[in-house]
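In the working numbering, the protein residues as written are 1 to 182.
Here's the structure we're looking at; comments come further down.
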(Lines of atoms letter the chains of each structure in order from A; the text may use other names.)
(Lines give C-alpha, C1' and ligand atoms only; values in the text may rest on other atoms or scores of the structure.)
Protein backbone atom coordinates (compact mmCIF):
# COMPACT_ATOMS: atom_id res chain seq x y z
CA UNK A 1 0.00 0.00 0.00
CA UNK A 2 1.26 3.48 -0.91
CA UNK A 3 1.75 6.24 1.62
CA UNK A 4 -0.39 9.28 1.08
CA UNK A 5 1.17 12.73 0.86
CA UNK A 6 -1.36 15.55 0.94
CA UNK A 7 0.10 18.83 -0.28
CA UNK A 8 -1.36 22.32 -0.31
CA UNK A 9 -0.55 24.40 -3.38
CA UNK A 10 -0.49 28.16 -3.69
CA UNK A 11 0.77 30.52 -6.37
CA UNK A 12 2.13 34.02 -5.93
CA UNK A 13 3.39 36.78 -8.18
CA UNK A 14 6.92 38.05 -7.68
CA UNK A 15 9.04 40.61 -9.55
CA UNK A 16 10.45 37.60 -11.45
CA UNK A 17 7.22 35.85 -12.39
CA UNK A 18 4.84 33.49 -10.68
CA UNK A 19 5.99 31.02 -8.02
CA UNK A 20 4.38 27.75 -6.96
CA UNK A 21 4.55 26.77 -3.29
CA UNK A 22 3.66 23.36 -1.93
CA UNK A 23 3.40 22.57 1.76
CA UNK A 24 2.41 19.45 3.64
CA UNK A 25 -0.25 19.00 6.29
CA UNK A 26 2.01 20.08 9.15
CA UNK A 27 3.30 23.24 7.48
CA UNK A 28 6.60 22.05 6.04
CA UNK A 29 7.50 23.68 2.76
CA UNK A 30 8.02 20.92 0.17
CA UNK A 31 8.40 22.85 -3.11
CA UNK A 32 9.09 26.39 -4.28
CA UNK A 33 9.49 26.69 -8.05
CA UNK A 34 8.59 28.99 -10.93
CA UNK A 35 5.34 28.22 -12.74
CA UNK A 36 7.14 28.27 -16.07
CA UNK A 37 9.08 25.27 -14.71
CA UNK A 38 6.03 23.42 -13.41
CA UNK A 39 6.88 20.27 -15.39
CA UNK A 40 10.32 20.19 -13.74
CA UNK A 41 8.61 20.52 -10.37
CA UNK A 42 6.32 17.60 -11.13
CA UNK A 43 9.30 15.46 -12.20
CA UNK A 44 11.14 16.31 -8.99
CA UNK A 45 8.05 15.46 -6.94
CA UNK A 46 7.68 12.09 -8.61
CA UNK A 47 11.40 11.37 -8.07
CA UNK A 48 11.48 12.45 -4.43
CA UNK A 49 8.17 10.87 -3.42
CA UNK A 50 7.81 7.93 -5.79
CA UNK A 51 6.49 5.64 -3.06
CA UNK A 52 3.76 8.09 -2.09
CA UNK A 53 0.38 8.84 -3.57
CA UNK A 54 0.60 12.64 -3.84
CA UNK A 55 -2.52 14.82 -3.88
CA UNK A 56 -2.47 18.60 -4.30
CA UNK A 57 -5.19 20.90 -3.01
CA UNK A 58 -5.36 24.65 -3.66
CA UNK A 59 -4.87 26.67 -0.48
CA UNK A 60 -4.26 30.40 -0.05
CA UNK A 61 -1.20 31.17 2.10
CA UNK A 62 -0.86 27.73 3.70
CA UNK A 63 0.68 28.08 7.18
CA UNK A 64 1.75 31.66 6.35
CA UNK A 65 4.36 30.41 3.87
CA UNK A 66 3.20 32.60 0.99
CA UNK A 67 3.26 35.67 3.24
CA UNK A 68 6.83 34.84 4.29
CA UNK A 69 7.95 34.68 0.67
CA UNK A 70 6.13 37.94 -0.09
CA UNK A 71 8.08 39.51 2.78
CA UNK A 72 11.33 38.14 1.37
CA UNK A 73 10.62 39.77 -1.99
CA UNK A 74 9.77 42.96 -0.10
CA UNK A 75 13.26 43.01 1.42
CA UNK A 76 12.87 41.06 4.68
CA UNK A 77 15.49 38.40 3.96
CA UNK A 78 15.43 36.91 7.45
CA UNK A 79 11.77 35.90 7.28
CA UNK A 80 12.54 32.73 5.30
CA UNK A 81 15.55 31.61 7.38
CA UNK A 82 13.57 29.51 9.81
CA UNK A 83 10.76 28.31 7.56
CA UNK A 84 10.26 24.58 8.10
CA UNK A 85 11.17 22.46 5.08
CA UNK A 86 10.90 18.78 4.32
CA UNK A 87 12.25 17.05 1.26
CA UNK A 88 12.70 13.66 -0.24
CA UNK A 89 15.98 12.98 -1.96
CA UNK A 90 19.04 11.03 -0.95
CA UNK A 91 20.97 11.48 2.27
CA UNK A 92 23.71 13.26 0.31
CA UNK A 93 21.24 15.60 -1.42
CA UNK A 94 19.63 16.51 1.88
CA UNK A 95 23.06 17.24 3.40
CA UNK A 96 23.82 19.60 0.48
CA UNK A 97 20.44 21.31 0.85
CA UNK A 98 20.91 21.71 4.60
CA UNK A 99 24.33 23.25 3.99
CA UNK A 100 22.82 25.70 1.47
CA UNK A 101 20.65 27.15 4.23
CA UNK A 102 23.78 28.16 6.15
CA UNK A 103 25.00 30.47 3.34
CA UNK A 104 24.10 34.02 4.44
CA UNK A 105 21.88 36.11 2.19
CA UNK A 106 23.95 38.33 -0.05
CA UNK A 107 26.88 35.90 -0.10
CA UNK A 108 27.91 33.20 -2.56
CA UNK A 109 29.97 30.02 -2.45
CA UNK A 110 31.50 27.90 -5.19
CA UNK A 111 30.48 24.30 -5.81
CA UNK A 112 34.01 23.23 -4.84
CA UNK A 113 34.00 25.14 -1.58
CA UNK A 114 30.58 23.72 -0.73
CA UNK A 115 31.89 20.19 -1.40
CA UNK A 116 34.85 20.87 0.92
CA UNK A 117 32.51 22.26 3.57
CA UNK A 118 30.64 18.95 3.42
CA UNK A 119 33.92 17.08 3.92
CA UNK A 120 33.80 15.65 0.39
CA UNK A 121 36.18 17.75 -1.72
CA UNK A 122 36.01 15.34 -4.68
CA UNK A 123 32.21 15.54 -4.84
CA UNK A 124 31.99 18.84 -6.75
CA UNK A 125 29.82 17.38 -9.53
CA UNK A 126 27.61 15.55 -7.06
CA UNK A 127 27.10 18.83 -5.20
CA UNK A 128 26.13 20.45 -8.51
CA UNK A 129 23.65 17.67 -9.27
CA UNK A 130 22.13 17.91 -5.79
CA UNK A 131 21.89 21.67 -6.20
CA UNK A 132 20.04 21.17 -9.48
CA UNK A 133 17.60 18.72 -7.86
CA UNK A 134 16.72 21.12 -5.03
CA UNK A 135 12.90 21.33 -4.90
CA UNK A 136 12.74 24.33 -2.56
CA UNK A 137 14.44 27.15 -4.41
CA UNK A 138 14.96 30.53 -2.71
CA UNK A 139 14.29 29.14 0.80
CA UNK A 140 16.97 26.49 0.25
CA UNK A 141 19.13 29.03 -1.60
CA UNK A 142 20.75 27.12 -4.44
CA UNK A 143 21.02 30.46 -6.27
CA UNK A 144 23.90 31.38 -3.93
CA UNK A 145 26.19 28.74 -5.47
CA UNK A 146 28.47 29.93 -8.27
CA UNK A 147 31.23 28.59 -10.49
CA UNK A 148 34.84 28.30 -9.32
CA UNK A 149 35.75 31.43 -11.29
CA UNK A 150 32.92 33.46 -9.74
CA UNK A 151 30.62 33.16 -12.75
CA UNK A 152 26.91 32.51 -12.52
CA UNK A 153 26.21 28.94 -13.52
CA UNK A 154 23.21 26.65 -13.58
CA UNK A 155 20.00 27.74 -11.94
CA UNK A 156 16.70 25.99 -12.66
CA UNK A 157 14.89 29.31 -12.82
CA UNK A 158 17.37 30.80 -15.29
CA UNK A 159 20.48 32.92 -14.86
CA UNK A 160 18.56 36.23 -15.05
CA UNK A 161 16.51 35.22 -12.01
CA UNK A 162 19.64 34.02 -10.21
CA UNK A 163 21.31 37.39 -10.82
CA UNK A 164 18.21 39.27 -9.65
CA UNK A 165 17.97 37.19 -6.45
CA UNK A 166 21.65 37.77 -5.64
CA UNK A 167 21.35 41.52 -6.32
CA UNK A 168 18.16 41.69 -4.22
CA UNK A 169 19.85 39.92 -1.32
CA UNK A 170 23.01 42.04 -1.51
CA UNK A 171 20.94 45.22 -1.51
CA UNK A 172 18.78 44.22 1.43
CA UNK A 173 21.47 42.42 3.45
CA UNK A 174 23.69 45.52 3.31
CA UNK A 175 20.75 47.62 4.54
CA UNK A 176 20.22 45.10 7.35
CA UNK A 177 23.91 45.21 8.30
CA UNK A 178 23.96 49.02 8.42
CA UNK A 179 20.84 49.08 10.64
CA UNK A 180 22.47 46.61 13.05
CA UNK A 181 25.66 48.65 13.34
CA UNK A 182 23.98 51.46 15.31
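Heads up, the beta-carbon is just placed ideally off N, CA and C, and yes, glycines get one too.
Nearest neighbour of residue i, chosen from the options [CA to CA]
{"i": "residue 38", "options": "167, 152, 156", "result": "156"}
{"i": "residue 173", "options": "108, 99, 160, 12", "result": "108"}
{"i": "residue 93", "options": "63, 132, 43", "result": "132"}
{"i": "residue 24", "options": "34, 45, 36", "result": "45"}
{"i": "residue 27", "options": "19, 87, 72", "result": "87"}
{"i": "residue 48", "options": "154, 136, 170, 152", "result": "136"}
{"i": "residue 140", "options": "52, 69, 164, 122", "result": "69"}
{"i": "residue 53", "options": "104, 4, 165", "result": "4"}
Identity of the residues DSSP links to residue i by a beta bridge
{"i": "residue 85", "result": "29"}
{"i": "residue 145", "result": "109"}
{"i": "residue 8", "result": "23, 57"}
{"i": "residue 34", "result": "19"}
{"i": "residue 52", "result": "3"}
Three-way DSSP call (helix, strand, coil) for residue i in this model
{"i": "residue 24", "result": "coil"}
{"i": "residue 161", "result": "helix"}
{"i": "residue 62", "result": "helix"}
{"i": "residue 139", "result": "coil"}
{"i": "residue 17", "result": "strand"}
{"i": "residue 134", "result": "coil"}
{"i": "residue 122", "result": "coil"}
{"i": "residue 103", "result": "coil"}
{"i": "residue 151", "result": "coil"}
{"i": "residue 156", "result": "coil"}
{"i": "residue 76", "result": "coil"}
{"i": "residue 174", "result": "helix"}
Whole-angstrom C-beta distance between residue j and residue i, which should lie under 8 Å
{"i": "residue 95", "j": "residue 118", "result": "6 Å"}
{"i": "residue 35", "j": "residue 73", "result": "Their Cβ separation, rounded to whole angstroms, is 15 Å, which puts residue 35 and residue 73 out of contact at 8 Å."}
Tell me, please, whether the segment 128-148 touches the segment 109-116 by the rule of three or more beta-carbon pairs shorter than 8 Å. Verdict: yes, contact present.
Cβ pair count under 8 Å reaching 3, the segment 58-71 against the segment 3-10: Between the segment 58-71 and the segment 3-10, the count of Cβ pairs shorter than 8 Å is three or higher; the stretches touch.
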